[in-house]
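Sequence order for the protein chains is V and U.
The first sequence begins at 3 in the working numbering and counts up by one.
The second sequence begins at 3 in the working numbering and counts up by one.
Here is the structure we will look at, set down as C-alpha cells.
Protein chains: 2
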Amino acid sequence: MLSHKAKYALKALLYLAEQDENHISKTIEIAEGANIPKKFLEQILLDLKRGRFVSSKQGKFGGYYLIKSKNDITLAEIHRLFDGAIALLPCASLNFYERCLDCKTEEECSLRHGLMIIRDETLKAMHNITIASLITK
Amino acid sequence: MLSHKAKYALKALLYLAEQDENHISKTIEIAEGANIPKKFLEQILLDLKRGRFVSSKQGKFGGYYLIKSKNDITLAEIHRLFDGAIALLPCASLNFYERCLDCKTEEECSLRHGLMIIRDETLKAMHNITIASLITK
DNA sequence: ATAAAATCTATCAATATAGTAGAGTTTTGA
DNA sequence: TCAAAACTCTACTATATTGATAGATTTTAT
C-alpha cells in the first residue's frame with residue numbers, strides 16, 4: 003500500500019500539472035485544492051523538491067511549480083522517493099537491495115527469483131503510470 | 003514490501019511442499035529447516051491453518067501438513083492473508099475496498115484508475131507465482 | 001500417567017506513520 | 001527600511017504496527 007505521504011505527493015503533483023504554464027502555486031492553494039493537511043504538505047513538497055520534481059520560489063508571491071514534465075513523472079519514482087523499494091523483499095530489489103539475513107544459502111533465497119519476476123512486472127506497470135496519464139484518464 | 007510474517011509463511015509452505023507425501027512436520031523442524039523463530043512460526047502456522055492452506059494434528063507425533071496443492075497456493079493469497087490488500091490504495095482494492103476519505107469527488111479519486119491498472123498487473127503476476135513455481139525455479 | 005506436540009492469550013520493545021508546532025529565512029512591495 | 005507573505009527547518013507527539021517472546025492450556029499416543 004502507498005503511504006499517505008506518497009498519495010498526497012501524487013495528488014499535489016497532479017494539482018501542479020493541472021495549472022497553467024508558469025503559474026506558481028502556494029502551499030495553501032495546493033492543500034485546499036487537493037485536500038491535504040497544509041503542514042504535512044509542506045514536508046512533502048520539500049521532499050519533492052529534493053527529488054527534483056518541483057522547484058520553489060521563496061518570499062511573497064512565492065510557491066511551487068513543476069520542473070519535470072508530467073509525462074516523465076512516474077508512479078515508480080514517487081513510490082521509491084516516499085515508500086522505498088518496489089520489490090516485495092529487499093533481496094529482490096534493484097534500488098534498495100539488502101541481503102536476507104535469514105537465508106541460509108547466501109546469495110539465493112528461495113523466494114528471490116519469484117519476487118524478482120513480480121518486481122519486473124510491477125515496475126513495468128508503474129513506469130507507465132505518469133502524472134499525465136492520471137490526468138487524461 | 004512483504005512483512006516478515008508473509009515471508010516466513012512462504013518459506014514454511016515451501017518447506018512443507020518439499021517433504022514427502024503424508025509426512026507430517028513438527029513446528030520445530032520447520033523452524034530449523036526454514037530458519038524461522040519457532041514461537042513466531044507457531045502463530046504463522048495457525049494463521050495458515052485458519053486460511054486452510056495447512057492442517058495439523060495435535061499431540062505426540064503431531065505437526066503440520068499441506069492441505070492445498072502447491073500448484074494452487076499463490077503469492078497473491080499469502081499476501082492477502084498476512085499483508086492485506088494488493089492494490090496501492092484501499093479505493094483501488096478488490097478485496098479490501100474502502101473509500102478514500104480525502105477525495106472530494108465521492109466515488110472517483112484522481113489516482114484510483116491508474117492504481118487499478120497497477121493492481122491488475124500485479125495481481126496477474128502474483129497469481130502466477132505459486133509454491134510449486136518457487137521450488138522449480 | 002506422562003511426554004510431546006499443537007493451541008491460546010497476553011505482553012513487550014522498537015519502529016514507522018501521520019501529523020502538529022513553532023521558530024527561522026527569504027523575497028517583495030509599499 | 002520594514003512588514004507581510006511565503007517557503008524552510010527542526011523538533012515533538014500520539015497512535016498503530018511489527019516482530020517477536022512467554023507461559024499456560026489442551027490434545028494425543030504410548
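C-beta atoms are modelled at their ideal positions from N, C-alpha and C, and glycine is treated no differently.
With distances taken between CA atoms, N73(V) lies nearest to A134(V) out of A8(V), A134(V), L117(V), K9(V). If you keep only unbroken alpha helix (DSSP H) runs of at least 4 residues inside the segment 65-127 of chain U, you get 77-85. When the five nearest sequence neighbours on each side are left out, the beta carbons in the same chain lying within less than 6 angstroms of the beta carbon of L83(U) are those of G53, in order along the chain. Listed in chain order, the non-local C-beta contacts of K51(U) below 8 angstroms within the same chain comprise S57, S58, Y66, local neighbours out to five positions each way being set aside.
Taking a Cβ-Cβ cut-off of 8 angstroms, N73(U) has no neighbours in chain V, whose nearest Cβ is about 14 angstroms from it. Closest by C-alpha distance to S95(U), out of G116(U), E23(U), T29(U), R121(U), is R121(U). M118(V) has its alpha-carbon roughly 13 angstroms from the corresponding atom of E100(V). In the structure shown, S58(V) adopts extended strand secondary structure according to DSSP, grouped into three states. Nearest to L136(U) by alpha-carbon distance, out of G61(U), Y17(U), H6(U), is Y17(U). Check the Cα spacing between C105(U) and each of N97(U), F98(U), C93(U), G116(U): the tightest is with C93(U).
Selection I88(V), C102(V), L103(V) evaluated against H129(V) yields I88(V) as nearest (Cα-Cα). The beta carbon of E123(U) sits closer than 9 angstroms to some beta carbon of chain V.
F55(V) counts as buried, since at least 16 other C-beta atoms from the protein chains shown sit within 10 angstroms of its C-beta. Under the DSSP assignment, H25(V) falls outside any alpha helix (DSSP H); it carries neither an H nor an E label. For N97(U), no CB of chain V lies under 9 angstroms from its own CB, so it is not counted at the interface with that chain.
Restricting attention to T132(V), K126(V), L113(V), the CA atom closest to the CA of T132(U) is found in L113(V).
Under the Cβ criterion of 9 angstroms, K13(U) is counted among the residues facing chain V.
Non-local C-beta neighbours of F98(V) in its own chain, meaning closer than 7 angstroms and more than five positions away in sequence, comprise G86, A87, P92, ordered along the chain. Taking A14(U) as reference, the option from I80(U), G116(U), K126(U) with the minimal CA-CA separation is I80(U).
Taking the Cα of L43(U) as reference, the smallest distance to any Cα among H115(U), K9(U), M3(U), T138(U) is reached at K9(U). In the DSSP assignment, I46(U) falls within the alpha helix (DSSP H) that extends over 40-52. By a beta-carbon distance limit of 8 angstroms, K40(V) contacts I30(V). Their separation comes to about 6 angstroms.
For S5(V), no alpha helix (DSSP H) encloses it, and the DSSP letter there is neither H nor E. Within chain U, the residues D104, K106 have their CB atoms less than 7 angstroms from the CB of N37(V), given in chain order. Counting C-beta atoms within 10 angstroms of its own C-beta, L103(U) has fewer than 16 neighbours from the protein chains shown and is therefore classed as exposed.
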